[in-house]
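Peer 1:
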Amino acid sequence: MSKLDNAIYEIHDLDDLAVRDTPLTGIHPLIKLLVTVFFIILTVSFDKYQLSAMLPGIFYILLVFLAGDIPFGKSMKKLRIILPLVCMVGLFNVFFDRIPVLRLGTFVVTGGMMSAVTLMLKGVFSVLASYLLIATTGIDKICYALRLLHLPKIIVLQLSLTYRYITVLLGEANTIFCAYILRAPRQKGVHFKVWGPLIGQLLLRSMDRANDLYDSMVLRGYRGAFYVGDKIPFHLKDWMYLILWTGFFVLMRCFNLVQLLGGLFV
Amino acid sequence: MDMQGHEGHECLECRNLSFSYEKNVSVLKELTFHVHKHETVGLIGANGAGKSTLMRILVGLELGYEGTVTVESVPVVKNHLPEIREKLGYVFQDSDSQLFMSTVYEDIAFAPKNYGLSETEVEARVNEALDMIDIQYLRDKKTYRMSGGEKKMAALATILAMKPSIMLMDEPTVALDPRNRRILINVLNSLDQGKLIASHDLDMVWDTCSRVLLLSHGEIVEYGPTEEILSNQKLLEANGLELPLSLLKR
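Chains as they are written, first to last, in the working numbering: chain A, 1 to 266; chain E, 267 to 516.
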């Protein structure tokens, strides 16, 4: 399977995760969206030295992975490009902030190290939370939830179509790349001299395909919003989910749970 | 009563239809024809004759035409498009352009859901469509992991689930193996709706259509009974076509 083929497969695979029958896919999309947004806001609101206070966030991530039956290894593979990038965000803090803040035996932990790890965790938590939201909800239901929040229809539509356009673009790129490579068997990659025409072709062809797909949608009753079924009702379990997680997040923000737990044993 | 001896009840009618993408380059010229309810009409012609453009006009994807086009007496104009599109089902030439959801089930359910049917009704519509063309085995299959023929059958099911009063099909037998082609022909013959089928597969047209409309360079060259037109070798050859294989002497 080519890299582009693989990328298309991974996007579809993500869609498939969201339609399985798991305890999490049954939660109302708006509730899941709110919990995720709340978690991300809470995560980024921690001070750069509050590493230990942030750690209980792992509990949320792990529980969602388990309850949503999301394969961990596959997910890490999908996020293999974005996660290292996120991890690099606070790397320079190590060199600029050398004030010692902690001593672990003979090892001195500087403020830079602490803030770098905190920033890293903030990034990783935010990316994972967003990924888990898509994997347990699906883009169409997220768009439905956004509409419930009265986000302008045009913005939601853009989001929904952009997501669909990615696979069209990748599909066309794959076809063009295959056609090229079959007629240039001794070349490694695409010669830079043909980048221009190939990108032009890719743009034109993917626009054509996108246009055809849009026509097909319109001819089958599409009126600017993906229909996600009958109006999704709220259940008691949805409110419980919201209350439990927001309660946990508030506790996490107001108290250093790791320190409190440690205090019980020391 | 018209010249073919049919009673009225046109479900699709074009009068003096002309169309051009650019000024002074006519793609369709003064087309006048109709398709009756419960009738299947074949649309044949060499490449570039204007078949696909005509289809796109009929479903309202191209609107800047001259003349009149009506579907069950409703004119194909911007204001009536939602109504028109509920009556018409259009099977694209390229199935990849028709399927956009991740599984066959979701794709077939797309139209019934958009038309506000309940989950139970949607489920029933999907099953009915799958049963009609004998592709229940494709129900949960990923659309991006199917063969060309499977995609074609799934694309047809997406339209059948809409229960349109007229079906427009652009090259429906392309990419189908002989068995699926035969299934498709049987399905087309069993459907009660009016159908307009654009195809180069003249044997399929012979097997399914009661009348044929021969297009050449955007003009109607002949419009009449299938046997009469498809067995006229001179007429077909003069318009870039050949006799159906089943009529050729071997």
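Even glycine gets a Cβ: it sits at the ideal position worked out from N, Cα and C.
Along the chain, where does the beta strand (DSSP E) that runs through residue 331/E open and close?
Peer 2: No beta strand (DSSP E) contains residue 331/E, which DSSP labels as neither H nor E.
Peer 1: Suppose you measure from the CA of residue 270/E to the CA of residue 444/E; what does that come to, to the nearest Å?
Peer 2: Only weak support is given to the placement of residue 270/E: the predicted model assigns it a pLDDT of 43, under 50, and the value that follows is read from those uncertain coordinates. C-alpha separation (whole angstroms): 33 Å.
Peer 1: Is it buried or exposed for residue 499/E, if we count other Cβ within 10 angstroms and need 16 for buried?
Peer 2: exposed
Peer 1: Under 7 Å between C-beta atoms, does residue 206/A make it to chain E?
Peer 2: no
Peer 1: Residue 414/E lies in the alpha helix (DSSP H); which residues open and close that run?
Peer 2: Note, residue 414/E: alpha helix (DSSP H), 414–426.
Peer 1: Quick one: give me the first and last residue of the alpha helix (DSSP H) that residue 474/E is part of.
Peer 2: Segment 468–474, the alpha helix (DSSP H) holding residue 474/E.
Peer 1: Can you find a CB in chain A that lies within less than 7 Å of the CB of residue 287/E?
Peer 2: no
Peer 1: Is the CB-CB distance between residue 418/E and residue 434/E below 7 Å?
Peer 2: Not closer than 7 Å, so no.
Peer 1: Output, in sequence order along the chain, the residues in the segment 142–173 of chain A whose CB is closer than 7 Å to any CB in chain D.
Peer 2: Of the protein chains in the structure, A and E, none is chain D.
Peer 1: Examine chain E for any beta-carbon lying closer than 7 Å to the beta-carbon of residue 47/A, and answer yes or no.
Peer 2: no
Peer 1: Is it buried or exposed, residue 237/A, if we count other Cβ atoms within 10 angstroms and call 16 or more buried?
Peer 2: exposed
Peer 1: With H, G and I counted as helix, E and B as strand and the rest as coil, what does DSSP make of residue 312/E?
Peer 2: coil
Peer 1: Which residue from 469/E, 345/E, 356/E, 477/E puts its Cα closest to that of residue 321/E?
Peer 2: 356/E
Peer 1: Please confirm whether residue 368/E and residue 15/A have their CB atoms less than 7 Å apart.
Peer 2: yes
Peer 1: I'd like to know whether the C-beta of residue 392/E is nearer than 7 Å to at least one C-beta of chain A.
Peer 2: no
Peer 1: Applying the 10 Å Cβ sphere with the 16-neighbour rule, what's the burial state of residue 463/E?
Peer 2: buried
Peer 1: Look at the alpha carbon of residue 371/E and the alpha carbon of residue 109/A, and state the distance between them as a whole number of angstroms.
Peer 2: 56 Å
Peer 1: Give the secondary structure of residue 211/A by DSSP, where H, G and I count as helix, E and B as strand, and everything else as coil.
Peer 2: helix
Peer 1: Got a sec: which bits of the segment 356–372 of chain E sit with their beta carbon under 9 Å from any beta carbon on chain A, in order along the chain?
Peer 2: 356, 358, 360, 362, 363, 364, 365, 366, 367, 368, 369, 372
Peer 1: Using the beta-carbon count (16 or more within 10 Å), is residue 188/A buried or exposed?
Peer 2: exposed
Peer 1: If you measure from the beta carbon of residue 381/E to each beta carbon in chain A, is any gap under 7 Å?
Peer 2: yes
Peer 1: Under 6 Å Cβ to Cβ from residue 146/A, same chain only, skipping five residues before and after it: list those, please.
Peer 2: Excluding positions up to five away in sequence, the list reads 156.
Peer 1: Does the CB of residue 213/A have a neighbour CB from chain E at under 7 Å?
Peer 2: yes
Peer 1: Just checking: is the beta-carbon of residue 17/A within a distance shorter than 7 Å of some beta-carbon in chain E?
Peer 2: no
Peer 1: Using CA coordinates, which residue listed in 310/E, 295/E, 379/E, 293/E is at the minimum distance from residue 218/E?
Peer 2: A query on residue 218/E cannot be resolved here, the shown segment of chain E reaching from 267 to 516 and no further.
Peer 1: Using the C-alpha atoms, what's the distance from residue 413/E back to residue 6/A?
Peer 2: Rounded to the nearest angstrom, the gap between the Cα atoms of residue 6/A and residue 413/E is 18 Å.
Peer 1: CA-CA distance, residue 492/E and residue 475/E?
Peer 2: 7 Å
Peer 1: Is it a yes or a no for the segment 342–354 of chain E touching the segment 393–404 of chain E, going by three-plus beta-carbon pairs under 8 Å?
Peer 2: no
Peer 1: Determine whether the Cβ of residue 220/A lies closer than 7 Å to any Cβ atom of chain E.
Peer 2: At least one C-beta of chain E is nearer than 7 Å to the C-beta of residue 220/A.
Peer 1: Leaving out five residues on either side along the sequence, give the residues of the same chain with a beta carbon under 8 Å from the beta carbon of residue 170/A.
Peer 2: Around residue 170/A: 4, 7, 8, 11.
Peer 1: Run through the DSSP bridge pairs and tell me what residue 336/E is partnered with.
Peer 2: 279/E, 341/E
Peer 1: Taking residue 45/A as the reference, which of 180/A, 164/A, 250/A, 104/A has the closest Cα?
Peer 2: 250/A
Peer 1: Identify whether residue 268/E lies in helix, strand or coil by the three-state DSSP scheme.
Peer 2: Any answer about residue 268/E is weak, because its pLDDT of 43 lies below 50 and its placement is not dependable; what the coordinates show is given next. Of the three classes helix, strand and coil, the one that applies to residue 268/E here is coil, per DSSP.
Peer 1: Ignore the nearest five residues each way along the sequence and tell me which others in residue 138/A's own chain have a CB closer than 7 Å to its CB.
Peer 2: 15, 18, 19
Peer 1: Between the C-alpha atoms of residue 244/A and residue 35/A, what's the straight-line distance to the nearest angstrom?
Peer 2: 10 Å
Peer 1: Given a threshold of 16 other Cβ atoms within 10 Å of its Cβ, counted over all protein chains shown, does residue 195/A qualify as buried or as exposed?
Peer 2: exposed
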